[in-house]
Amino acid sequence: MKTLLVVNASPNTQQSHTRALTAAFEDFWLAANPDGKVIHRDVSADHIAQLDGNTIGAFYTPLEQRSDTQQQAVSLSDTLVDELIEADEIVLGSPMHNFSVTVGMKSWVDQICRVGRTFNYTEKGPEGALGGRKATIITASGGSYGEGSPMAHLNFNDPYLRTVLGFVGITDVEVVSAPGVAKDDSGVQAAKEALRARFN
Numbered sequence: 001m002k003t004l005l006v007v008n009a010s011p012n013t014q015q016s017h018t019r020a021l022t023a024a025f026e027d028f029w030l031a032a033n034p035d036g037k038v039i040h041r042d043v044s045a046d047h048i049a050q051l052d053g054n055t056i057g058a059f060y061t062p063l064e065q066r067s068d069t070q071q072q073a074v075s076l077s078d079t080l081v082d083e084l085i086e087a088d089e090i091v092l093g094s095p096m097h098n099f100s101v102t103v104g105m106k107s108w109v110d111q112i113c114r115v116g117r118t119f120n121y122t123e124k125g126p127e128g129a130l131g132g133r134k135a136t137i138i139t140a141s142g143g144s145y146g147e148g149s150p151m152a153h154l155n156f157n158d159p160y161l162r163t164v165l166g167f168v169g170i171t172d173v174e175v176v177s178a179p180g181v182a183k184d185d186s187g188v189q190a191a192k193e194a195l196r197a198r199f200n
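Going by the UniProt record's numbering, the sequence shown opens with residue 1, and the numbers climb by one from there.
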């Protein structure tokens with residue numbers, strides 16, 4: 001049985017374009033994997049905690065040496081990492097906010113980049129531990145920031161997430177963008193058709 005992890009980052013829970021597109025992705029994925037399991041993680045509504053000194057210290061403390069306070073500090077991170085490890089495929093719904101990711105998505109990234117769990121230090125430098133998984137990044141933006149556009153150099157959303165996923169070993173990554181949502185919904189419709197075509 002395959003498992004899909006759906007991560008939504010939009011703080012707009014009612015009219016979010018990325019949420020609509022991750023929902024469409026999930027429908028297409030379940031049609032292709034009728035026995036599949038879906039894990040949902042809402043990094044906006046769940047209020048993923050930003051890292052603090054206690055949590056960072058706990059990350060680098062061996063499990064058997066952690067205090068109860070430290071263990072409590074890493075419990076959320078452990079849950080998020082477990083969800084990621086369990087997944088065969090990941091879809092990230094990441095709207096562009098001020099040229100980058102939302103605060104919820106950034107907090108999720110900080111919580112899942114864990115030495116000894118999602119990456120390891122080696123003689124060759126850091127190596128990701130989550131290879132063999134596929135990820136799809138679904139983005140939406142008010143303007144057009146895709147490759148070849150005049151504002152492409154301002155897009156720190158897609159390349160950042162692609163870099164983070166690669167850091168933890170997930171290099172099979174596809175980006176599906178819905179640009180120009182401040183103008184009309186043509187970008188959203190094109191993105192949905194791109195997702196549909198992928199599963200046909």
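By construction, the Cβ of each residue, glycine as well, lies at the ideal position given by its N, Cα and C atoms. It should be emphasised that the depicted structure is a prediction, and the values quoted were computed from it without experimental measurement.
Just to confirm, are residue i and residue j a CB contact at a threshold of 8 Å?
i    : j    : result
H4   : A178 : Checking the sequence, you will find Leu at residue 4 rather than His. Against a cut-off of 8 Å, the Cβ pair of A178 and L4 comes out as no contact.
E83  : R41  : yes
A129 : R117 : yes
N8   : G93  : yes
G180 : G143 : yes
F167 : F119 : yes
D160 : A152 : Note on residue identity: the sequence assigns Tyr, not Asp, to residue 160. Cβ distance not < 8 Å, so Y160 and A152 don't count as in contact.
F99  : N155 : yes
T75  : S44  : Before going on, a small fix: residue 75 reads as Ser here, not Thr. No, Cβ-Cβ distance for S75 and S44 is not below 8 Å.
Shortest alpha-carbon distance to residue i belongs to which of the options?
i    : options                 : result
A182 : L80, M96 and V74        : M96
R133 : P126, I170 and G57      : I170
C113 : K192, I56 and S16       : I56
A140 : G187, P62, Q65 and L154 : G187
V81  : T122, H17 and V115      : V115
G131 : E89, E123 and T122      : E89
E195 : R162, T79 and T18       : Here residue 195 is Leu; the residue named in the question, Glu, does not match the sequence. The candidate whose alpha carbon is nearest that of L195 is T18.
K2   : Q14, W29 and P11        : W29
S16  : D185, R198 and N200     : D185
Whole-angstrom Cβ separation of residue i and residue j, contact assumed at under 8 Å?
i    : j    : result
V103 : I138 : Not really, about 18 Å apart at Cβ, beyond 8 Å.
V101 : V6   : In fact, because the Cβ distance is near 16 Å, the residues do not count as touching under 8 Å.
K192 : A31  : No, K192 and A31 are not in contact; Cβ-Cβ is about 14 Å, not under 8 Å.
Can you pull the DSSP bridge partners for residue i?
i    : result
V7   : R41 and L92
E174 : T136
A115 : The sequence as given places Val at residue 115; Ala does not occur at that position. Answer by DSSP bridge pairing, in chain order: F119.
P150 : The partner list for P150 (beta bridge, DSSP) is empty, contrary to what the question assumes.
G128 : F119
H97  : S100
Does the CB of residue i have a neighbour CB from chain C at under 8 Å?
i   : result
L63 : The chain inventory of the structure shown lacks chain C, comprising one protein chain alone.
Exercise. State whether the stretch 100–108 contacts the stretch 39–50, with contact taken as three or more CB pairs (one from each stretch) at a distance under 8 Å.
Key: yes
| Within the chosen definition, does the stretch 66–77 reach the stretch 32–41 through at least 3 CB pairs nearer than 8 Å? | As far as the Cβ criterion goes, the stretch 66–77 does not touch the stretch 32–41, which means the pair count is below three.
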